[in-house]
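Data block below; observations after.
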Amino acid sequence: MPSAVGFPFSAVVGHDDLRLSLLLNAVHPGIGGVLVRGEKGTAKSTVVRALAALLPVVAVVDGCRFSCDPADPDPDCPDGPHATPAATRPARLVELPVGATEDRLIGSLDLERALTEGVRAYQPGLLAAAHRGVLYVDEVNLLHDHLVDLLLDAAAMGRAHVEREGVSVAHAASFLLVGTMNPEEGELRPQLLDRFGLTVEVRASRDIDTRTEVVRRRLRFEADPTGFAAGWAEADAALAARVATARAALPSVALPDRELRRIAAVCAAFDVDGMRADLVLARAATAHAAWRGAAEVAEEDVATAARLALPHRRRRDPFDEPGIEQDQLDQALRDAAEEADREPDPEPPGGGAPEPEDSPDQSPASDNGQAPPERNTSAAEQPAAVDQADPAPGQPTADPGAGAQGPGQSPATPDPAFRARLLQVDGVGEGAPGRRSRSRAGSGRALRSSAAQGSGLHLIGTLTAAAPFQRARGRAGAGLVVKPGDVRRAVREGRESNLVLFVVDASGSMAARKRMSAVTGAVVSLLRDAYQRRDKVGLVTFRGAGATVALPPTSSVEAAVARLRDLRTGGRTPLADGLLRAREVLRVERLRDPRRRALLVVVTDGRATVPARPGGDAVRDAVRAAGVLAADGVAGVVVDCESGPVRLGLAGRVTTALGATPLRLEELSADAVAGVVRAARAA
Numbered sequence: 001m002p003s004a005v006g007f008p009f010s011a012v013v014g015h016d017d018l019r020l021s022l023l024l025n026a027v028h029p030g031i032g033g034v035l036v037r038g039e040k041g042t043a044k045s046t047v048v049r050a051l052a053a054l055l056p057v058v059a060v061v062d063g064c065r066f067s068c069d070p071a072d073p074d075p076d077c078p079d080g081p082h083a084t085p086a087a088t089r090p091a092r093l094v095e096l097p098v099g100a101t102e103d104r105l106i107g108s109l110d111l112e113r114a115l116t117e118g119v120r121a122y123q124p125g126l127l128a129a130a131h132r133g134v135l136y137v138d139e140v141n142l143l144h145d146h147l148v149d150l151l152l153d154a155a156a157m158g159r160a161h162v163e164r165e166g167v168s169v170a171h172a173a174s175f176l177l178v179g180t181m182n183p184e185e186g187e188l189r190p191q192l193l194d195r196f197g198l199t200v201e202v203r204a205s206r207d208i209d210t211r212t213e214v215v216r217r218r219l220r221f222e223a224d225p226t227g228f229a230a231g232w233a234e235a236d237a238a239l240a241a242r243v244a245t246a247r248a249a250l251p252s253v254a255l256p257d258r259e260l261r262r263i264a265a266v267c268a269a270f271d272v273d274g275m276r277a278d279l280v281l282a283r284a285a286t287a288h289a290a291w292r293g294a295a296e297v298a299e300e301d302v303a304t305a306a307r308l309a310l311p312h313r314r315r316r317d318p319f320d321e322p323g324i325e326q327d328q329l330d331q332a333l334r335d336a337a338e339e340a341d342r343e344p345d346p347e348p349p350g351g352g353a354p355e356p357e358d359s360p361d362q363s364p365a366s367d368n369g370q371a372p373p374e375r376n377t378s379a380a381e382q383p384a385a386v387d388q389a390d391p392a393p394g395q396p397t398a399d400p401g402a403g404a405q406g407p408g409q410s411p412a413t414p415d416p417a418f419r420a421r422l423l424q425v426d427g428v429g430e431g432a433p434g435r436r437s438r439s440r441a442g443s444g445r446a447l448r449s450s451a452a453q454g455s456g457l458h459l460i461g462t463l464t465a466a467a468p469f470q471r472a473r474g475r476a477g478a479g480l481v482v483k484p485g486d487v488r489r490a491v492r493e494g495r496e497s498n499l500v501l502f503v504v505d506a507s508g509s510m511a512a513r514k515r516m517s518a519v520t521g522a523v524v525s526l527l528r529d530a531y532q533r534r535d536k537v538g539l540v541t542f543r544g545a546g547a548t549v550a551l552p553p554t555s556s557v558e559a560a561v562a563r564l565r566d567l568r569t570g571g572r573t574p575l576a577d578g579l580l581r582a583r584e585v586l587r588v589e590r591l592r593d594p595r596r597r598a599l600l601v602v603v604t605d606g607r608a609t610v611p612a613r614p615g616g617d618a619v620r621d622a623v624r625a626a627g628v629l630a631a632d633g634v635a636g637v638v639v640d641c642e643s644g645p646v647r648l649g650l651a652g653r654v655t656t657a658l659g660a661t662p663l664r665l666e667e668l669s670a671d672a673v674a675g676v677v678r679a680a681r682a683a
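If you're matching positions, the sequence shown starts at 1 in the numbering used here and goes up one per residue.
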């Protein structure tokens, strides 16, 4: 049995930025919470759970299920108006499990009272329990999309709205949002990422002494949790007192105009979106000054806040790595210092003529003319013009034919990514919630009620089934007499995520510089689409003598992009081996996750040159391999990359044998397809 005693906050070794971020949010909950990114086994959850013991006690209206503040009760509280006395309780740390249902998060109709008393009553959910406390989401990047949407709404407005099953309720839901995640399992949606005020990257120390001390303390805690916690009780009490003191001093901490201009200059230098970053920096810097015991915000407070608040806001593409280099931050702070020392322009925005010394070609990046720190730019955003550069003198030009490039040559820079068209699996599945194919799901649109299948109670169906028998069952009161056979469940239709397995031809026939740039750009676009639709992805490549599983199926789409950009090209075309290797990957994945349906995306020109067995015919073997996949019931799409005046149509034979959807490379763009449709309608 696990111990009920939590690991002491003060006993955590290292993780200084994580500890500081949590403490700053404890001082000023308006910062907006903390996102903790890190590899597995780095005590992320341990540190977060230890925070609750340091939070000040909360004054609440006694008996209020929504934790109303006696000094300022919510006038719209469902339990109001309040006339009961005040009480105090420890601050709560409420955990939102990844597999939680919508009803558990926002609350729902109190079914027991509805069926027995005939009244509509609201049963609060986790958002109500977390009000004025901490809402902790472990593995937040794996949270189902419909829960993310509800969480975003509550975090943005500070209130939860429930409109369902005849219940219309709104209640306060202001909480400190803390999430932990392992980036290897996939990234967060940008909307949720921006809601976290601060972010921290956690890694296990490589220092032997530090690792030794971590293991030593953990073993002591497991041997005697109560005794270990008692040994650190004084240190935790001192931290809790410091949090309370800093929170009390927070309203009196001044934010000078000079530091406010520094904050604005740093955010402008890093080109962050919107104004949320400026507000978070101002709040975090003020909290840090209060934590230091200072009377006003100083440069060191702004520097600390910027280090914690800006890394996750610099991502422009889902595949950009988050983070800020320290030298970039230092340069931005130096530039911001010069901006902070300048007198504000007395002219109103947009008024007056430019200063005489302004040069028409001066960079708008900063007032002192220095360029801001460069942001990470994905290869998909780089212009394709670099692919067209002439070869250096004395170097041979590449022949676009098969085998023109060496067997180990890297592909050209990908063409810019585009908005990919929706590729989906036919039929209705039962996989994990996502945004690709149709599925029978626990959330989504209710189609009908059923006594045998579905998820969640279908209230109207249940009442309709029970109503005709009330007289025979001797109903005498206000409530209905409901028997187990009356219960109906909701059959819902939603969207599921799929396993999208890419099989990419990297042979010499595909390695012509311009063509491979277009192919790689298209696959990056499809990977971005898979990221947005919460799919798992895998990558099989084939060239030379055989096929390689470049990336086993994973939720980390970023890893697939990285492997794709490192793809080597050239050599012969073992298409049959690529298809058979994909079949083996799908077979293993079906055993691991039988409910997740797969979508096979084959990107090739079909010009197979390596047979599956010695003495065989390469094209015929590729067609046979495609037929085997079709017999397995694999849904597929074949992207025909063949170009030029002479086309053999070999990819079409593979498409037919696979029973797949045929597409040309240019047909992968949703915008291009929409343009063709508009032109056809106009004609």
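Heads up, the beta-carbon is just placed ideally off N, CA and C, and yes, glycines get one too.
Here the structure is a predicted model, which is why all the values come from computation and not from measurement.
*At which residues does the alpha helix (DSSP H) containing PHE228 begin and terminate?*
Residues 225-231.
*Pick out whichever of ALA476, VAL524, ALA506 has its Cα sitting closest to the Cα of PRO416.*
Nearest option by C-alpha distance: VAL524.
*Assign GLN532 to one of three DSSP states: helix, strand, or coil.*
helix
*Where the beta strand (DSSP E) containing ALA490 begins and where it ends*: 489-496
*Work out the CA separation of HIS312 and LEU135 for me, nearest whole Å.*
20 Å
_Candidates GLN123, ASP605, LEU600, LEU648, of which the one nearest ASP632 by Cα_ = LEU600
*CB THR180 to CB LYS44, shorter than 8 Å?*
yes
*For SER437, does the count of other Cβ atoms within 10 angstroms reach 16, so buried, or fall short, so exposed?*
buried
*For ASP149, does the three-state DSSP call read helix, strand or coil?*
helix
_Alpha carbon of GLY544 to alpha carbon of GLU667, nearest angstrom_ = 28 Å
*Alpha-carbon to alpha-carbon, VAL98 and GLU139*: 7 Å
*Would you please state the rounded distance, in angstroms, between the beta carbons of TRP232 and LEU24? I believe it to be under 8 Å.*
Taking C-beta atoms under 8 Å as the contact rule, TRP232 and LEU24 fail to qualify, at a distance of about 21 Å.
_C-beta atoms of PRO553 and LEU499 nearer than 8 Å_ = In this structure, LEU499 lies closer than 8 Å to PRO553 by Cβ.
*Where VAL634 and ALA598 are concerned, what is the direct C-alpha to C-alpha distance, given to the nearest angstrom?*
7 Å
*Using 8 Å as the Cβ pair cut-off and three pairs as the minimum, do the segment 577-586 and the segment 419-426 touch?*
no
_Please list the terminal residues of the continuous alpha helix (DSSP H) segment that includes SER168._
Per DSSP, SER168 belongs to no alpha helix (DSSP H); it is in the beta strand (DSSP E), 167-172.
_When ALA550, GLY578, VAL557 are compared against ARG567, the one with the closest alpha-carbon_ = Per the sequence shown, residue 567 should be read as Leu rather than Arg. Looking at the Cα atoms, ALA550 is the closest of the given residues.
*Tell me LEU20's beta-bridge partners as DSSP assigns them.*
Residue pairing for LEU20: DSSP places it in no beta bridge.
*Could you check which residue in ALA285, ARG258, ALA265, ASP236 has the C-alpha nearest to that of LEU732?*
This structure cannot speak to residue 732, because the chain is shown only from 1 to 683.
*Residues of its chain near SER10, where Cβ-Cβ distance is below 7 Å and the 5 sequence neighbours each way are ignored*: Beyond the five residues adjoining it in sequence on each side, SER10 comes within less than 7 Å, by CB distance, of TRP232, ALA235, ASP236, LEU239 in the same chain, given in chain order.
*Looking at the structure shown, is ASP236 part of a helix, part of a strand, or coil, going by DSSP?*
helix
*DSSP state of GLU687, grouped into three classes?*
As displayed, the chain neither begins before 1 nor continues past 683, which places residue 687 out of reach and without an answer.
*In the DSSP assignment, find the unbroken beta strand (DSSP E) run with ARG89 in it and report its ends.*
86-89
*Can you list the alpha helix (DSSP H) stretches of 4 or more residues lying completely in the segment 424-482, in chain order?*
459-466
*asked:* Judging by CA-CA distance, which residue of GLU201, GLY461, THR655, THR101 is the nearest neighbour of LYS40?
replied: GLU201
*Helix, strand or coil for ALA420, going by three-state DSSP, please let me know.*
strand
*So GLU259 is in the beta strand (DSSP E); what residue range does that whole segment cover?*
First-last for GLU259: 257-269, but that is the alpha helix (DSSP H), not the beta strand (DSSP E).
*asked:* If you measure between the beta carbons of ALA265 and ALA336, is that distance less than 8 Å?
replied: yes
_Using a Cβ-Cβ cutoff of less than 7 Å, which residues in the same chain neighbour GLU213 once the five nearest sequence positions on both sides are dropped?_
Here the set comprises VAL13.
*Considering only C-alpha positions, which residue in the set ALA155, LEU193, ALA87 is nearest to PHE175?*
ALA155
*Buried or exposed by the 16-neighbour rule on C-beta atoms within 10 Å, applied to GLY685*: No answer is possible for residue 685: it lies beyond the span of the chain, which begins at 1 and ends at 683.
_Does GLY615 come out as helix, strand or coil in the three-state DSSP assignment?_
coil
*To which residues of the same chain is ALA305 closer than 7 Å at the C-beta, ignoring the five residues directly before and after it?*
LEU281, ALA284, ALA285, HIS288
*Nearest-angstrom Cα distance between PRO85 and GLY429?*
53 Å
*Quickly, what does DSSP pair MET181 with across the bridge? List them, please.*
ARG37
*asked:* Using only the alpha-carbon positions, how far apart do ASP330 and GLU187 sit?
replied: 27 Å
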